[in-house]
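Listed in order, the protein sequences are those of chains A and B. With full-length UniProt numbering, letter number 175 in the first sequence gets 175, and the count goes up by one each step, no holes. With full-length UniProt numbering, letter number 202 in the second sequence gets 202, and the count goes up by one each step, no holes. Ideal Cβ positions, reconstructed from N, Cα and C, are used throughout, including at glycine. Bear in mind the structure is a predicted one, so any value in this text is a computation, not a measurement. Worksheet: one structure, shown below.
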Amino acid sequence: MIVNELILPVILVTIVLVVGAYLVAVIDGMIAAALGTPQRGGAWLAPLTQGAWLLTQQANATEAPDWRAWRLAPALYLALAATGLAVVPFSPTLIPTDLVTSVVLWGSVEALATVVIFLHGWSANTLLALIGAYRYVALGLSYILISMFVLIGVALPAESLQFSQVVASQEGLWNVIRQPLGLPLFLIVGLGMTFWGPFNLADSRDLAGGTASTVSGPSRLVWELARAAMLVAFSGVAASAFLGGWLGPWLPGPLWVMLKMLGVLAVLLLLGRLLPRVQPERCVTLMWVVLLPLSFVDLIWAGVEALL
Amino acid sequence: MAVSWLSRLAAQSSVPVFPVRGIQGEAALHRLTLTPGVELVDSPRHASILLVAGGVPPDQHDALRRVHDQLPNPFATLWYRSEPLAELASATRVDDPDALPGTLMTAHQELMRGKRGSSPRLLPDEPPNPWEGLGDDGHGGEGMMGGVPYGRPMAMNMHDDIRDGLTLDSLTVTLGPFLPMLPPGLGAKVTLQGDLVQSWITQHAPYPIALESVFLEAREHPVPIAELELARARYHLQRLAFALRLAGLERLALESLRLAQGLSPDSRLEGLRRRLTRCGFFRLTTTGRGWLDETLARRVGGVAARAAGLEEDLRSQDAAYGRLKFTPVVQSDGDTNARWCQTLAEIEQSLQLARQAEREGLYSETTEAIETPRGPWGEQRPGDASGVIDDLLPGLEWDEAMTTLASLDLAAVSEWPQDVTQELGEAPGDGADAAEERRA
């Protein structure tokens with residue numbers, strides 16, 4: 001009982017998060033190298049040496065930060081990533097936490113991420129981090145609505161808010177084909193939620209690293225790890241909601257989930273390297289004027305399709 | 001044991017370097033950007049080496065000390081063609097650009113292996129704003145106003161919001177002179193509301209930029225036009241690389257720098273231009289902000305003037321350019337977008353002129369008035385134009401303000417040329433050092 005419902009899920013989630021976050025760094029390094037970034041040493045070793053360097057670096061102080069919030073925010077973001085990943089089903093039976101409302105739980109992870117990221121920028125008590133935090137709140141409000149409509153879209157054919165049911169409902173046809181607008185919109189949500197690439201408004205170069213601009217040493221390591229982990233959790237949810245989760249021929253279910261997650265990660269990381277950062281005002285306009293109406297269309301599409 | 005294993009691993013990481021961009025330090029940083037194993041970072045908190053590239057005027061030494069003390073332990077400093085601060089007498093100084101990457105890597109490895117101690121703190125670790133227990137309410141001010149509790153001025157809504165009516169507390173801060181997003185040396189007092197720039201008062205002009213020596217020679221005697229035009233294209237490509245990196249387009253920034261490094265009359269810009277357009281740089285990043293009217297555009301000169309529709313280019317007065325059928329390219333909008341379109345067009349034009357001039361072996365003829373990449377050099381060298389941003393930036397969001405700044409070339413032109421020896425890979429020349437000393 002305890003082994004099945006507590007220990008195994010925790011071990012499974014931890015392993016997937018740690019290995020996944022490492023793979024995020026490796027894949028990102030490989031993409032960067034392929035696109036011409038000069039690199040010494042291999043992509044497989046680089047994340048480890050970088051992590052080791054951060055562990056030997058001192059965690060700095062700023063003038064009168066809100067210490068508790070500042071140190072907790074990276075850990076909270078990591079915890080949110082773990083919570084999100086815990087609802088991803090790896091096979092009909094291998095599900096860390098099979099809540100009947102797992103889609104709603106994921107929605108709350110997205111909403112709470114806004115709070116945690118704001119906290120990280122605000123508590124440092126420095127200018128550039130604060131601007132990053134402000135910007136993220138504006139962005140966060142814009143993408144959460146899109147995410148909700150898109151996820152309700154996948155819950156309709158399943159007639160359930162449970163990710164395992166959502167996967168089971170894709171037995172005949174995956175949602176990526178059944179609702180063609182869904183996955184592209186959801187990928188944009190993913191880039192926003194992890195403030196990656198074009199939607200990196202919180203930790204961007206024009207803010208010298210934004211909310212992470214004044215963090216060093218182990219806290220920075222945890223923060224970067226948490227960002228990568230959130231990307232992994234997101235790819236798990238995207239694979240379940242749109243790519244049929246464990247469904248697939250020949251290979252065992254969990255392997256299919258992992259492969260699909262890797263595919264989603266590769267697409268997100270490639271987009272992150274290819275696209276420029278979107279100007280904040282343009283970004284908010286894009287979200288509300290273009291993408292939100294598209295998510296309505298996606299929902300109507302899903303509703304009509306479910307009725308037929 | 002475990003610790004030594006960790007440090008050995010850490011010693012193999014790429015070297016995170018925070019560059020302080022001093023006078024005449026840019027060229028070395030461009031080379032470092034393309035060096036594997038060295039990573040130039042944007043925040044001193046993310047670095048293990050503080051690299052002071054180029055001279056820093058004595059009145060900015062205090063700012064330099066503050067940046068120095070922001071690096072977390074363990075860290076080292078390295079001075080490239082720059083006099084170390086008096087307190088850091090034993091600091092490493094490098095003058096040879098070819099030795100720079102190696103020295104950086106050695107310093108990082110020695111730090112990680114514990115063979116080299118961390119640089120000492122220069123300033124006392126205490127709040128710069130004494131406030132606790134002072135004033136009427138112990139907040140350092142009078143009545144309920146004033147004071148800087150926790151290092152920040154009291155939150156006061158003294159200004160009307162100039163954006164959307166959502167009045168956030170305004171925050172006044174001093175930026176620069178070593179903030180990596182600003183031109184080197186630029187210092188400003190800025191009031192922000194959220195991420196909106198409410199006022200911008202430039203306090204220090206950016207450091208004068210050194211042009212390649214061919215432009216200074218062109219003022220004295222005729223020089224090959226091909227050489228002049230390639231140097232011009234190189235200058236613009238390096239500015240473009242900075243803006244692209246700022247926009248999160250690392251790979252295109254590197255492509256631009258590589259193009260600049262190996263530039264020849266046969267180089268082509270089409271690939272870079274196509275990738276820039278396709279990835280949405282003009283639609284997503286540089287939107288129509290930072291508009292200069294004719295007066296301001298003329299004050300900045302050069303690319304900014306022509307991007308605002310002013311057909312002013314001293315090359316038109318040169319008979320040799322006349323034989324190449326040179327006519328200035330112009331844009332009409334005068335905003336950030338137009339300035340980058342103009343820059344790309346001018347790079348293409350320069351490459352084409354270089355090709356033609358090389359074939360015909362043409363030399364420039366006029367020496368009284370030459371067009372530098374920074375602007376016209378008639379009777380006077382192009383001077384500092386940073387005054388224009390005080391009117392231009394208020395009302396813009398932070399991102400728009402930084403994008404606008406990157407698109408403007410504001411610094412004065414230095415009377416000394418860029419060090420030429422480093423292009424040839426010889427021992428460091430005395431030109432730049434002598435120039436620095438004379439200035440000091």
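- [ ] Count the other CB atoms, across all protein chains shown, that sit within 10 Å of the CB of Pro130/B; report buried if there are 16 or more and exposed otherwise.
- [x] Within the second sequence, the letter at position 130 stands for residue 130/B. Exposed: under 16 other Cβ atoms inside 10 Å.
Task: Assigned secondary structure, Gln198/B (DSSP; H/G/I helix, E/B strand, else coil) - done: Translated into the one-based positions of the second sequence, residue 198/B becomes position 198. Of the three classes helix, strand and coil, the one that applies to Gln198/B here is strand, per DSSP.
Task: Given Gly375/B as reference, the closest of Ile209/B, Gly54/B and Phe282/B once Cα atoms are compared - done: Working through the second sequence from its first residue, we reach residue 375/B at position 375. Out of Ile209/B, Gly54/B and Phe282/B, Ile209/B has the C-alpha closest to the C-alpha of Gly375/B.
Task: Neighbourhood of Trp288/A by C-beta distance below 7 angstroms, restricted to the same chain and skipping five residues each side - done: As a first step, residue 288/A is located in the first sequence; it is residue number 288 there, counting from the start. Same-chain partners within the cutoff: Ser142.
TODO: Could you name the residues that DSSP lists as bridge partners for Gln193/B?
DONE: One-based indexing of the second sequence puts residue 193/B at position 193. Looking at the DSSP assignment, Gln193/B forms a beta bridge with Ser170/B and Leu196/B.
Open item on the list: Give me the residue from Gln12/B, Leu246/B and Arg298/B with the minimum Cα distance to Gly41/A.
Closed with: Here residue 41/A corresponds to residue number 41 of the first sequence, with the count starting at 1. Closest by alpha carbon: Gln12/B.
Task: Where Gln58/A meets chain B, residues with beta-carbon distance less than 7 angstroms - done: Numbered from 1 along the first sequence, position 58 holds the residue referred to as residue 58/A. Simply Pro72 and Asn73.
TODO: Label Trp5/B either buried or exposed according to how many other C-beta atoms from any shown protein chain fall within 10 Å of its C-beta, with 16 as the threshold for buried.
DONE: Mapped onto the second sequence, residue 5/B falls at position 5. Answer is exposed; the Cβ neighbour count stays below 16.
Open item on the list: Could you compute how far the alpha carbon of Gly236/A sits from the alpha carbon of Leu85/A?
Closed with: Here residue 236/A refers to the residue found at position 236 of the first sequence. Here residue 85/A refers to the residue found at position 85 of the first sequence. Taking the straight line from one Cα to the other gives about 7 angstroms.
Open item on the list: If you reduce the DSSP assignment to three classes, tell me which class Arg40/A lands in.
Closed with: As a first step, residue 40/A is located in the first sequence; it is residue number 40 there, counting from the start. The answer is coil: DSSP assigns Arg40/A none of H, G, I, E or B.
TODO: Look at the Cβ atom of Ala243/B, then the Cβ atom of Ala354/B, and state whether they are nearer than 8 angstroms.
DONE: Working through the second sequence from its first residue, we reach residue 243/B at position 243. Working through the second sequence from its first residue, we reach residue 354/B at position 354. Not closer than 8 angstroms, so no.
Task: Integer Cβ distance of Met181/B from Ala208/A, believed to fall under 8 angstroms - done: Counting from one through the second sequence, the residue named residue 181/B turns up at place 181. Counting from one through the first sequence, the residue named residue 208/A turns up at place 208. 7 angstroms between Cβ atoms; contact.
- [ ] Take every Cβ of the stretch 155-173 of chain A, pair it with every Cβ of the stretch 116-135 of chain A, and state whether three or more of those distances are shorter than 8 angstroms.
- [x] no
Task: Chain-ordered chain B contacts of Tyr134/A [CB-CB under 7 angstroms] - done: Counting from one through the first sequence, the residue named residue 134/A turns up at place 134. Listed along the chain, the chain B residues whose CB falls inside 7 angstroms of the CB of Tyr134/A are Gly194 and Asp195.
TODO: Below 8 angstroms between beta carbons is the criterion; list the residues of the stretch 92-109 of chain A that meet it against any residue of chain B, in chain order.
DONE: Those would be none; no residue qualifies.
Task: Interface flag, Glu224/A vs chain B, CB-CB below 8 angstroms - done: Taking the first residue of the first sequence as 1, we reach residue 224/A at position 224. No, its Cβ sits nowhere closer than 8 angstroms to a Cβ of chain B.
Task: Range covered by the alpha helix (DSSP H) that runs through Glu217/B - done: As a first step, residue 217/B is located in the second sequence; it is residue number 217 there, counting from the start. It spans Ser213 to Ala218 - the alpha helix (DSSP H) in which Glu217/B sits, taken as one unbroken run.
Open item on the list: Could you check whether Thr194/A and Phe234/A sit closer than 8 angstroms to each other, using their CB atoms as the reference points?
Closed with: Counting from 1 along the first sequence, the entry for residue 234/A is found at position 234. Counting from 1 along the first sequence, the entry for residue 194/A is found at position 194. Against a cut-off of 8 angstroms, the Cβ pair of Thr194/A and Phe234/A comes out as a contact.
Task: Pairwise C-alpha distance: Ala63/B and His204/B - done: Position 204 of the second sequence, counting from 1, holds the residue named residue 204/B. Position 63 of the second sequence, counting from 1, holds the residue named residue 63/B. The straight-line gap from Cα to Cα measures roughly 12 angstroms.
Task: Of the listed residues Arg275/B, Asp335/B, Ser264/B and Ala253/B, nearest to Asp293/B (C-alpha basis) - done: Translated into the one-based positions of the second sequence, residue 293/B becomes position 293. Looking at the Cα atoms, Asp335/B is the closest of the given residues.
Open item on the list: Quick check: what's the CA-CA separation for Val56/B versus Val88/A?
Closed with: As a first step, residue 56/B is located in the second sequence; it is residue number 56 there, counting from the start. As a first step, residue 88/A is located in the first sequence; it is residue number 88 there, counting from the start. Val56/B and Val88/A: Cα-Cα distance of roughly 55 angstroms.
Task: Exposure label - Arg178/A; buried when at least 16 CB within 10 Å - done: Walking along the first sequence from the start, residue 178/A turns up at place 178. Here Arg178/A is buried, its C-beta having at least 16 other C-beta atoms within 10 Å.
Task: Neighbourhood of Leu17/A by C-beta, 7 angstroms cutoff - its chain only, sequence neighbours within 5 removed - done: What you label residue 17/A is simply residue 17 of the first sequence in a count that begins at 1. Ala81, Ala82, Leu85, Ala229 and Val232.
- [ ] Tell me whether Met1/A is buried or exposed, calling it buried when 16 or more other Cβ atoms sit within 10 Å of its Cβ.
- [x] Start at 1 with the first residue of the first sequence, and residue 1/A comes out as number 1. Its Cβ having fewer than 16 others within 10 Å, Met1/A is exposed.
Open item on the list: I'd like the ranges of any alpha helix (DSSP H) spanning at least 4 consecutive residues and lying wholly in the stretch 51-134 of chain B.
Closed with: 61-70 and 100-112
- [ ] Over the uninterrupted alpha helix (DSSP H) stretch that includes Thr287/B, give me the two end residues.
- [x] For the purposes of this step, residue 287/B is taken as residue 287 along the second sequence, with counting starting at 1. Note, Thr287/B: premise wrong, no alpha helix (DSSP H); not H, not E.
- [ ] Kindly indicate if chain A contains any beta-carbon less than 8 angstroms away from that of Gln261/B.
- [x] Locating residue 261/B in the second sequence gives position 261, where the first residue counts as 1. No, its Cβ sits nowhere closer than 8 angstroms to a Cβ of chain A.
Open item on the list: Going by C-alpha to C-alpha distance, which of Pro19/B, Gln342/B and Val413/B sits closest to Pro177/B?
Closed with: In the second sequence, the residue the question calls residue 177/B occupies position 177. Of the candidates Pro19/B, Gln342/B and Val413/B, the one whose C-alpha sits nearest the C-alpha of Pro177/B is Pro19/B.
Task: Residue from Gly147/B, Arg289/B, Arg66/B and Pro222/B whose Cα sits closest to the Cα of Arg45/B - done: Along the second sequence, read from residue 1 onward, the residue named residue 45/B stands at position 45. For the residues Gly147/B, Arg289/B, Arg66/B and Pro222/B, the minimum Cα distance to Arg45/B belongs to Arg66/B.
Task: Residue from Gly187/B, Ser199/B and Arg315/B with nearest C-alpha to Ala411/B - done: Locating residue 411/B in the second sequence gives position 411, where the first residue counts as 1. Nearest option by C-alpha distance: Gly187/B.
Open item on the list: If contact is defined by three or more beta carbon pairs under 8 angstroms, each pair taking one atom from either stretch, is the stretch 53-70 of chain A in contact with the stretch 109-126 of chain A?
Closed with: yes
Open item on the list: Strictly below 7 angstroms CB to CB, what residues from chain A border Asp399/B?
Closed with: For the purposes of this step, residue 399/B is identified with residue 399 of the second sequence, where counting begins at 1. Correct list: Asp206, Gln279 and Pro280.
Task: Option in Pro101/B, Ser213/B, Trp291/B and Pro72/B with minimal Cα separation from Tyr80/B - done: The sequence position of residue 80/B within the second sequence is 80, counting from 1. Cα-wise, what sits closest to Tyr80/B is Pro101/B.
- [ ] Measure the C-alpha to C-alpha separation of Val116/A and Glu311/B and round it to an integer number of angstroms.
- [x] Taking the first residue of the first sequence as position 1, residue 116/A is located at position 116. Taking the first residue of the second sequence as position 1, residue 311/B is located at position 311. Approximately 52 angstroms, taken between the alpha carbons.
Open item on the list: Per DSSP, what are the beta-bridge partners of Tyr207/B in this structure?
Closed with: Position 207 of the second sequence, counted from the start, is the residue given in the question as residue 207/B. In DSSP, Tyr207/B forms no bridge with anything.
Task: Cβ separation of Thr174/B and Asp390/B, assumed to be a contact under 8 angstroms, to the nearest whole Å - done: On the second sequence, residue 174/B is found 174 positions in, with the first residue counted as 1. On the second sequence, residue 390/B is found 390 positions in, with the first residue counted as 1. That belief does not hold up - the Cβ atoms of Thr174/B and Asp390/B are roughly 15 angstroms apart, past 8 angstroms.
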